[in-house]
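As structure tokens, the structure follows; a few thoughts come after it.
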Amino acid sequence: MTSLQMVMVGRFLVFGNCCCTTASERMRGREHFQLSLVLAGGMAICWLVFSYCASVSLTQVNRQVVLNHRLQRKQAKLMEPVRTDVLTVTPWLAPIVWEGTFDPQVIDEAFMSQNLTIATTVFAVGRYTRFLRDFLESAEKHFMVGLEVHYYVFTDLPDDVPNNVTLGVGRLLSIVRVPKFDRWQEISLRRMELIQTAIKDHIHRGANYIFCLDVDMRFHGRVGPEALGRLVAAIHPWFYMYPRSQFPYERRTVSTAYIPLDQGDFYYQANIFGGALEDVHRLTKTCREHLEVDKSVGVEAVWQEESHLNWYLLRNKPTKLLSPEYVWDDAKGRDDKEIKLVRFSSVIKNKAEVRENL
Ligand SMILES: [Mn+2]
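Each residue of the sequence shown is one higher than the one before, starting from 3 at the first, in my numbering.
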């Protein structure tokens with residue numbers, strides 16, 4: 003309460019206690035009326051002053067917010083690299099995305115206005131449908147939030163696809179029916195073909211980018227538009243500390259996925275790859291052809307499609323690499339100090355329980 007208001011209320015109380023005589027009643031009445039006018043005027047002035055002050059402080063608050071918003075954009079300093087413990091760019095100048103190398107606000111602002119749709123394929127065949135719920139629910143919390151996402155769930159069991167997962171605005175799910183496969187390796191071998199066909203037949207009309215993800219995975223942290231690029235691959239969490247001669251590439255010359263011991267950049271994991279539709283279409287088409295050539299001579303690459311993916315990415319360098327933060331493995335624990343944030347991770351599963359064969 004302002005001092006002016008106090009005075010007014012004080013006066014009102016004083017006059018309220020007064021007793022009046024009949025002779026002076028009219029005069030008192032006029033005095034009361036005048037005082038009421040003064041009181042009302044005073045109150046009005048107080049109210050005006052108060053609302054002016056309030057609006058000024060509100061403007062100041064808003065200005066402060068805007069200022070903070072600007073201050074959060076830390077200036078990039080050429081002589082102060084953000085990460086010195088890990089490689090953040092490849093020898094062919096593709097960025098490697100790690101926590102700390104990008105500003106999520108800057109990335110979001112750059113991409114949100116572009117009206118992008120991200121097609122996302124996920125294979126849930128046989129008993130793997132059990133992973134769908136966690137996969138989808140965690141994706142809705144962390145995967146490309148704010149962008150339009152169209153999930154394509156490839157499955158032989160459409161009835162097992164949970165139909166009560168709430169999808170965000172602009173996000174939808176389609177089921178693509180696939181045959182039942184007898185061996186889990188078969189799923190891996192056919193995936194490239196099925197993705198290629200899906201891109202050619204329908205996805206190419208409705209999306210700007212595509213990501214191909216494994217279903218036995220869960221999102222734990224942001225996987226946003228910082229992961230978008232023409233050709234995107236993720237570095238395998240189990241092999242990044244090894245020399246290339248020890249990467250589990252296909253080493254038999256009889257396979258089209260063959261990579262000699264003295265070649266190779268990184269070992270990529272097939273659990274997540276993606277990019278622009280055209281680039282991923284070319285990748286899946288090439289891998290499919292190589293898989294078919296191998297099959298015709300009775301050869302199966304050591305890690306099926308992953309071996310072919312690695313062969314392709316050696317000759318067609320990815321334009322953006324995702325650090326193992328984007329394809330972690332729960333079985334690996336969380337002790338590696340270079341991993342500041344696990345974003346997407348393979349869940350620990352009982353292989354005997356989910357695979358038709360081991
Ligand atoms: Mn998997």
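Just so you know, even glycine gets a beta-carbon here, dropped at the ideal spot from N, CA and C. Every value quoted in this text rests on a predicted model; they were computed, and no experiment measured them.
Assuming residue i and residue j make a contact with CB atoms under 8 Å, what is their CB distance in whole Å?
i	j	result
Ile201	Ala236	Rounded, the Cβ-Cβ distance is 20 Å, inconsistent with contact.
Asp331	Ser347	6 Å
Ile341	Tyr211	Not quite, the Cβ-Cβ distance comes to about 25 Å (not below 8 Å), so this is no contact.
Val151	Thr122	6 Å
Val2	Arg129	Beyond the ends of the chain as shown, which are 3 and 360, falls residue 2; an answer cannot be given.
Ser313	Ile261	It should be pointed out that residue 313 corresponds to Trp in this sequence rather than to Ser. With a Cβ gap of about 6 Å, Trp313 and Ile261 count as contacting.
Lys319	Ala96	7 Å
Val2	Thr131	For the chain, the structure presents residues 3 to 360; residue 2 sits outside this window and is missing.
Val256	Val304	No, Val256 and Val304 are not in contact; Cβ-Cβ is about 12 Å, not under 8 Å.
Please tell me whether residue i and residue j are closer than 7 Å, where the distance is taken between their beta carbons.
i	j	result
Thr258	Asp296	yes
Val99	Glu228	yes
Tyr270	Phe249	no
Val234	Gly277	yes
Gly223	Leu343	yes
Asp158	Val127	yes
Val1	Ile189	With the chain represented from 3 up to 360, any question about residue 1 goes unanswered, as that position is not in the structure.
Phe125	Asp218	no
Glu195	Arg290	yes
Leu311	Ala354	no
Just mark residue i as buried or exposed, buried being the case when its beta carbon has 16 or more other beta carbons within 10 Å.
i	result
Ile205	buried
Gly226	buried
Val180	buried
Arg193	buried
Gln198	buried
Asp184	exposed
Gly231	buried
Pro239	buried
Pro93	exposed
Thr321	buried
Arg345	buried
Leu80	exposed
Glu327	buried
Leu169	exposed
Leu279	buried
Leu39	exposed
Ser325	buried
Within a Cβ cutoff of 8 Å, which residues of the same chain sit near residue i, ignoring the five residues on either side of it in sequence?
i	result
Leu191	Leu293, Lys297, Glu302, Gln306 and Glu307
Lys143	Phe221
Leu316	Ile261, Gln265, Gly266 and Asp267
Ser247	Leu263 and Asp264
Pro160	Ile177 and Arg179
Between residue i and the rest of its own chain, which residues show a CB-CB distance below 6 Å, the 5 nearest in sequence each way excluded?
i	result
Leu118	Leu149 and Asn210
Val84	Gly102 and Thr103
Phe145	Phe221 and Val225
Leu241	Note that residue 241 is Phe in the sequence shown, not Leu. Once the five neighbours on either side are set aside, the close Cβ partners of Phe241 are Phe249 and Tyr269.
Lys287	Gln198
Thr90	Ile98 and Thr103
Ala333	Ile350
Leu174	His152
Arg357	Trp186
Glu252	Ala259, Tyr260, Ala303, Val304 and Ser309
Please go through the same chain and pick out, in chain order, the residues whose beta-carbon is closer than 7 Å to the beta-carbon of residue i, but skip the five residues on each side of it.
i	result
Ala141	Phe221
Asp281	Arg232 and Leu233
Arg244	With the sequence shown as reference, residue 244 is identified as Tyr, and Arg is not the correct amino acid for it. Nothing meets the Cβ criterion.
Ala112	none
Met114	Gly148
Arg336	Val344
Phe213	Ile120, Thr122, Ile274 and Gly276
Of all Cβ atoms in chain B, is any one closer than 7 Å to the Cβ of residue i?
i	result
Thr92	The displayed structure is made up of one protein chain only, and chain B is not part of it.
I'd like the ranges of any beta strand (DSSP E) spanning at least 3 consecutive residues and lying wholly in the region 184-265.
211-215, 219-221 and 233-237
Beta strand (DSSP E) segments (min. 3 residues) lying fully within the region 105-154
119-125
Identify every run of the alpha helix (DSSP H) within the region 259-304, keeping only runs that are complete inside it and at least 4 residues long; order them along the chain.
279-298
As an exercise, report each continuous beta strand (DSSP E) stretch of at least 3 residues that is fully enclosed by the region 303-346, in chain order.
322-324
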